[in-house]
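Only one structure is covered here, and it is reproduced in the block below.
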Amino acid sequence: MNKKYDALALFSGGLDSILACKVIQDQGLKVLGLHFVTPFFGNPEKVEHWEKIYGVEIMAVDISDEYIQMIMDIPSYGMGKLINPCVDCKIMMISHAKALLDRFEAKFIISGEVVGQRPMSQRPTALNAIKNTSDTRDVLLRPLCAQSQPITPVEEAGLVDREKLPNIAGRGRKDQLAMAREYGFTEIPTPGGGCKLTEIENSARFFPLFKKLDKPDVNFFKLAITGRQYWAGNKLLAIGRNQRDNERVEELFRENDYMFEVRGFPGPLSLGRAACNEEWTRQEIIDAAAMTASFSPKAVKSGEEVSVAIISPEGEMAINVMPARETETGFSGPDLEGLKEWKIAREKSKQVKRV
Numbered sequence: 001m002n003k004k005y006d007a008l009a010l011f012s013g014g015l016d017s018i019l020a021c022k023v024i025q026d027q028g029l030k031v032l033g034l035h036f037v038t039p040f041f042g043n044p045e046k047v048e049h050w051e052k053i054y055g056v057e058i059m060a061v062d063i064s065d066e067y068i069q070m071i072m073d074i075p076s077y078g079m080g081k082l083i084n085p086c087v088d089c090k091i092m093m094i095s096h097a098k099a100l101l102d103r104f105e106a107k108f109i110i111s112g113e114v115v116g117q118r119p120m121s122q123r124p125t126a127l128n129a130i131k132n133t134s135d136t137r138d139v140l141l142r143p144l145c146a147q148s149q150p151i152t153p154v155e156e157a158g159l160v161d162r163e164k165l166p167n168i169a170g171r172g173r174k175d176q177l178a179m180a181r182e183y184g185f186t187e188i189p190t191p192g193g194g195c196k197l198t199e200i201e202n203s204a205r206f207f208p209l210f211k212k213l214d215k216p217d218v219n220f221f222k223l224a225i226t227g228r229q230y231w232a233g234n235k236l237l238a239i240g241r242n243q244r245d246n247e248r249v250e251e252l253f254r255e256n257d258y259m260f261e262v263r264g265f266p267g268p269l270s271l272g273r274a275a276c277n278e279e280w281t282r283q284e285i286i287d288a289a290a291m292t293a294s295f296s297p298k299a300v301k302s303g304e305e306v307s308v309a310i311i312s313p314e315g316e317m318a319i320n321v322m323p324a325r326e327t328e329t330g331f332s333g334p335d336l337e338g339l340k341e342w343k344i345a346r347e348k349s350k351q352v353k354r355v
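full-length UniProt numbering numbers the first residue of the sequence shown as 1 and each following residue consecutively.
Structural data, given as structure tokens:
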């Protein structure tokens with residue numbers, strides 16, 4: 001992609017980001033939407049569809065490794081109720097956009113942020129922190145709420161006509177919905193940030209990895225949102241719920257993993273992986289096979305031992321097990337127990353490092 005653009009936009013696929021692009025396009029300016037992707041947010045498979053229905057050119061930008069590293073390094077502006085580093089997240093994306101300005105000969109950056117829209121990242125103090133920390137005071141424009149904010153260098157330079165921008169504020173969506181109707185959008189995104197780190201169930205899936213891993217492992221985080229999740233110490237067992245999950249399990253499989261499949265009965269594929277380079281014990285392998293078989297209704301109904309094929313670091317093998325979810329190893333679903341204590345300990349560690 002070697003085209004030139006007037007502005008680069010943070011394009012999440014949410015209504016505010018779409019409208020921010022459109023109001024700048026209305027001024028005869030060329031906009032490229034940057035759709036940032038991590039295991040926690042992003043839908044690159046939708047880019048082509050969005051381009052078609054909203055008339056905005058979009059490029060997917062994967063920032064997975066450094067995003068995970070940012071959380072592991074303890075976000076400078078803290079987290080929300082769960083593991084969501086909303087302010088640091090926006091700083092990272094805007095900083096990336098700034099680094100791409102020269103590549104596309106773009107003059108400024110736009111974001112769909114609205115003052116008061118989100119309690120953590122769109123408070124006035126947070127918006128100022130994002131602008132200052134990303135060092136984008138001269139190039140950042142928030143067009144949807146620009147008229148309620150001090151005039152920016154982008155407007156002063158005449159790149160954008162301030163008087164033609166909306167004046168939106170607060171958590172309501174009435175103005176945005178009215179604009180969407182005026183533009184004739186056939187699809188209007190529902191409210192919500194679309195970030196898995198703000199959701200209890202998904203945060204519980206990621207939390208064990210943030211506790212156990214000492215460096216970013218994108219594949220592992222992708223596995224954490226695949227299928228049903230069961231942990232026993234440092235061992236994760238991901239069990240497919242449907243054909244799509246089974247295919248994903250095959251895609252994410254690595255040479256030190258264990259893959260389990262019931263023979264003779266329809267059922268899921270499951271993938272076992274150890275954090276911290278731990279080896280699997282014989283009992284853990286047997287129990288993982290029994291867990292996998294327990295999600296094959298016909299295998300359970302047989303009332304007998306079933307054969308489970310295993311692909312492992314030692315090669316291929318098969319074992320006979322009774323389908324069971326109560327096992328000696330004690331595989332159990334992920335939870336957020338200890339999250340508060342973990343966050344407090346990390347904050348204390350950060351303060352010690354500053355001293």
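Every residue gets a Cβ at the ideal spot worked out from N, C-alpha and C, and that includes glycine.
The structure displayed is predicted, hence computed values, not measured ones.
Helix, strand or coil for Val-87 per DSSP? Correct three-state label for Val-87: helix.
Other residues of its chain near Ala-126: CB distance less than 6 angstroms, five sequence neighbours each side excluded: In chain order, Val-87 place their CB closer than 6 angstroms to the CB of Ala-126, counting only its own chain and leaving out the 5 sequence neighbours on each side.
Supposed close pair Pro-166, Val-23 - CB separation, criterion 8 angstroms: Contact between Pro-166 and Val-23 is confirmed by a C-beta separation of about 6 angstroms, below the 8 angstroms threshold.
Looking only at its chain, what residues have a beta carbon closer than 6 angstroms to the beta carbon of Ala-180, apart from the 5 residues adjacent to it on each side? The residues are Ile-188.
Could you tell me if Ser-296 is buried or exposed, where buried requires 16 or more neighbouring beta carbons within 10 angstroms of its beta carbon? Buried, by the Cβ-count rule.
With the cut-off set at 9 angstroms, would you say Ala-288 and Val-262 are in Cβ contact? It is not a contact, given that the beta carbons lie outside the stated cut-off.
Could you give the uninterrupted runs of the beta strand (DSSP E) lying entirely in the segment 205–245, keeping only those of 3 residues or more? Counting only runs of 3+ residues, the beta strand (DSSP E) found wholly inside the segment 205–245 occupies 228–232 and 235–239, in chain order.
Roughly how many angstroms lie between the CA atoms of Asp-214 and Lys-52, to the nearest whole one? About 41 angstroms.
Restricting to Cα atoms, I'd like to know which of Pro-143, Gln-149 and Ile-109 is closest to Asn-128. That would be Gln-149, whose Cα lies nearest to the Cα of Asn-128.
What first and last residue would you give for the beta strand (DSSP E) that runs through Tyr-258? For Tyr-258, the uninterrupted beta strand (DSSP E) segment begins and ends at 258–262.
Throw me the rounded Cβ distance for the Ile-71 and Ile-83 pair, which I believe falls under 8 angstroms. Right, their Cβ atoms sit about 7 angstroms apart.
Run through the segment 135–215 for me and flag every whole alpha helix (DSSP H) of 4 or more residues, listed as ranges in chain order. Fully enclosed alpha helix (DSSP H) runs of 4 or longer: 153–156, 174–183 and 200–212.
Counted within 10 angstroms of its Cβ, other Cβ atoms place Gln-351 as buried (16 or more) or exposed: Flag for Gln-351 reads exposed.
Over what stretch of residues does the beta strand (DSSP E) that includes Arg-282 continue unbroken? Run containing Arg-282: none in the beta strand (DSSP E); it sits in the alpha helix (DSSP H), 282–294.
Closer than 8 angstroms is the cut-off here; do at least three beta carbon pairs connect the segment 131–139 with the segment 169–176? Taking 8 angstroms as the limit for Cβ pairs, the verdict is that the segment 169–176 does not touch the segment 131–139.
What whole-angstrom Cβ distance do Leu-237 and Gly-267 have, given they're in contact under 8 angstroms? In this structure Leu-237 is not in contact with Gly-267, their Cβ atoms being roughly 14 angstroms apart against a cut-off of 8 angstroms.
If I'm right that Ile-94 touches Ser-111 with Cβ under 8 angstroms, what's the distance once you round it to whole angstroms? Ile-94 to Ser-111, Cβ: 7 angstroms. Contact.
Where do the N-terminal and C-terminal ends of the alpha helix (DSSP H) with Asn-277 fall, by residue? According to the DSSP assignment, Asn-277 belongs to no alpha helix (DSSP H), since it is labelled neither H nor E.
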